[in-house]
Amino acid sequence: MTASLFFAGSGDAFGSGGRLQTCMLVQGESFGDFLLDCGSTAMIGFRRFSLDPNAVKNVFITHLHGDHFGGLPFFILDAQLVSKREAPLRIFLPEGGAQTLETTMEVLFPGSFHSKKKFQIELLEMKPGEKYEADGVSVTPFPVLHGALKALALRFECGERILAYSGDTEWVEELVECAVGADLFVAEGYAYGKKIKFHLDIADVEENAGRIGAKNYLLTHLARNTLALSEEERLPYDAAYDGMRVGF
Ligand SMILES: [Zn+2]
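Here the sequence shown is numbered in the working numbering, starting from 0 and rising by one per residue.
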């Protein structure tokens, strides 16, 4: 297994199916461990599955909704007070993310953003169309459509492996470019058989799979109704669950 992705959270914003919110840990031989989204329950996932937060070198955030970035204040505070982190932490955010993170931290734990820490935090805002490098990984963000936010889908080159992640979005053509030929395409699987504004309908992924041509598809962030379908094995692709590890 050259690279793997572990689901420390595979749920939506509403706790559907009792699942933790979006948080994926990606690991491999040729690049530094990174976190892909950090929902507000992220630290519960880390403890539940005995993951080491200090091993995370970089964090990539697709959009600034609480179930995708709300775990950062807890992650950073844990690093300072509990996990005693010393290594630098780099956090890649969509545009506006640095200010939003500061505001959120100061609301949840006043004084926590500016408090002295034994590790450096670097905040980087990603612009669509540019490519960023971080500890052996390169990432290209693509603009997607999820409300008024500047939401992103992300394409990672992890050594020779390609990982694509839709984030939360309704269908946009940029998803084809983001995921084309990927070894693994993790797609939002919120809805199936009906359109829900700003969310992906799995049928859209199916319809475009010929153009995307990913080697493997995996659904995450399933709504309650869609989860019920997956139990009956009527979904076209495998669905993620908390604690799932998949190689790519
Ligand atoms: Zn979400």
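All C-beta atoms in this analysis are idealised placements derived from N, C-alpha and C, irrespective of residue type, glycine included.
C-alpha of E105 to C-alpha of M42: approximately 19 angstroms in a straight line.
Where F33 is concerned, the enclosing beta strand (DSSP E) starts and stops at 30 to 37. Within the model, the alpha-carbon separation for R244 versus V55 is close to 16 angstroms.
In this structure, ligand 1 has no non-hydrogen atom nearer than 7 angstroms to the beta-carbon of D200. Counting along the chain, V136 sits inside the beta strand (DSSP E) bounded by residues 136 to 142.
Of all residues, those with a beta-carbon under 7 angstroms from at least one heavy atom of ligand 1 are D11, A12, T21, H64, D66, H67, D167, H220, reported in chain order. Fully contained in the segment 62 to 96 are the following alpha helix (DSSP H) runs of length 4 or more, in chain order: 65 to 68, 71 to 80. Inside the segment 132 to 189, DSSP marks whole alpha helix (DSSP H) runs of 4 or more residues at positions 173 to 178, from first to last along the chain. Within the same chain, F141, P142, V143, A152 come within 7 angstroms of E173 by CB-CB distance, once the 5 residues on both sides are set aside. Per DSSP, the unbroken alpha helix (DSSP H) holding N224 starts and ends at 223 to 230. Secondary-structure assignment with DSSP links I195 through no beta bridge to anything. Judged by beta-carbon spacing, T139 lies within the 8 angstroms limit of R154, meaning their Cβ atoms are closer than that value. For K130, same chain residues with a beta-carbon under 8 angstroms away, outside a window of 5 residues either side, are S137, V138, T139 in chain order.
Counting C-beta atoms within 10 angstroms of its own C-beta, I195 has fewer than 16 neighbours from the protein chains shown and is therefore classed as exposed. In terms of Cβ geometry, A222 and S15 form a close pair [threshold 8 angstroms]. Contact annotation, A213 with A178: C-beta distance approximately 5 angstroms; criterion of less than 8 angstroms satisfied. Taking every protein chain shown into account, the CB of T102 has fewer than 16 other CB atoms within 10 angstroms, so this residue is exposed.
As the crow flies, the alpha-carbon of F247 is around 6 angstroms from that of D182. A direct Cα-to-Cα measurement between Q119 and P87 gives close to 5 angstroms.
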